[in-house]
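A short write-up of the structure that comes next.
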């Protein structure tokens with residue numbers, strides 16, 4: 001079974017930092033784009049960032065650009081999200097997600113099929 | 001950024017009902033549209049990808065349609081386990097954006 005297990009969440013003061021980790025198992029980790037998606041309490045889903053298989057391409061939502069950094073270590077089957085300059089509005093459950101991209105017949109697709117259970121980040125003084 | 005607008009935001013229905021949720025994109029996203037189901041305290045679950053492809057293991061009462069800017073998720077006969085929140089999600093261009101969600105409640 002494919003499993004993604006997040007860790008590293010916690011309570012942090014505004015302006016502080018955290019590093020989230022995601023341990024992947026049951027998949028050839030280096031073969032997949034990976035994403036982080038977050039969900040603030042009682043709110044909807046927000047895609048945060050993703051990273052290419054070899055780490056050479058990274059994309060972010062505007063609200064975290066310059067503050068968050070996505071990275072990966074394929075030798076360790078691990079995905080990371082460094083969170084700096086944290087704000088109250090960053091409070092959320094952060095999910096590690098596998099991205100799938102390809103083509104079936106004439107249909108191109110890109111979707112997120114495997115999700116971890118999430119790790120909670122709370123930014124508060 | 002591409003805006004995704006779902007309707008309705010909430011919906012009350014009964015077991016056995018046929019239910020349709022719509023999702024509209026602010027620009028064409030071809031078929032890069034996916035649907036998720038989320039239950040309280042749980043991670044989202046992929047139901048439909050590429051607008052109409054059923055994810056493995058998902059019951060056939062779920063179906064998706066549409067392309068371009070207008071999409072629908074249909075549940076043909078609601079079951080008790082289907083009461084949840086549903087999200088559409090575009091992966092045509094970053095930032096990948098979700099609809100605001102549709103909460104499906106028991107009537």
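Residue numbers (this note's numbering), protein chains in the order written: chain A, 1 to 125; chain B, 1 to 107. C-beta: ideal position from N, C-alpha, C; glycine also. Note that the structure is a prediction, hence the values are computed from the model and not measured.
Asked	Found
Run of the beta strand (DSSP E) containing residue 86 of chain B, from where it starts to where it stops	85–90
Euclidean distance between Cα positions of residue 64 of chain A and residue 19 of chain B	36 Å
Closer than 8 Å: residue 64 of chain B CB and nearest the ligand SAH heavy atom	In the structure shown, the ligand SAH is absent, as is every other ligand, since no ligand is present at all.
CB contact flag (residue 99 of chain B, residue 87 of chain B, <9 Å)	yes
Positions along the segment 55–68 of chain B whose CB lies within less than 8 Å of some CB in chain A	55
Candidates A/61, A/10, A/12 and A/28: closest to residue 35 of chain A by CA position	A/61
Proximal residues of chain A, C-beta to C-beta of residue 46 of chain B below 9 Å	111, 112, 113, 114 and 115
CB contact below 9 Å: residue 100 of chain B versus chain A	yes
9 Å Cβ cutoff, residue 83 of chain B in contact with chain A	no
Helix, strand or coil at residue 75 of chain A according to DSSP, with G and I counted as helix	helix
Chain-ordered residues of the segment 2–31 of chain B with a beta carbon less than 7 Å from chain A	31
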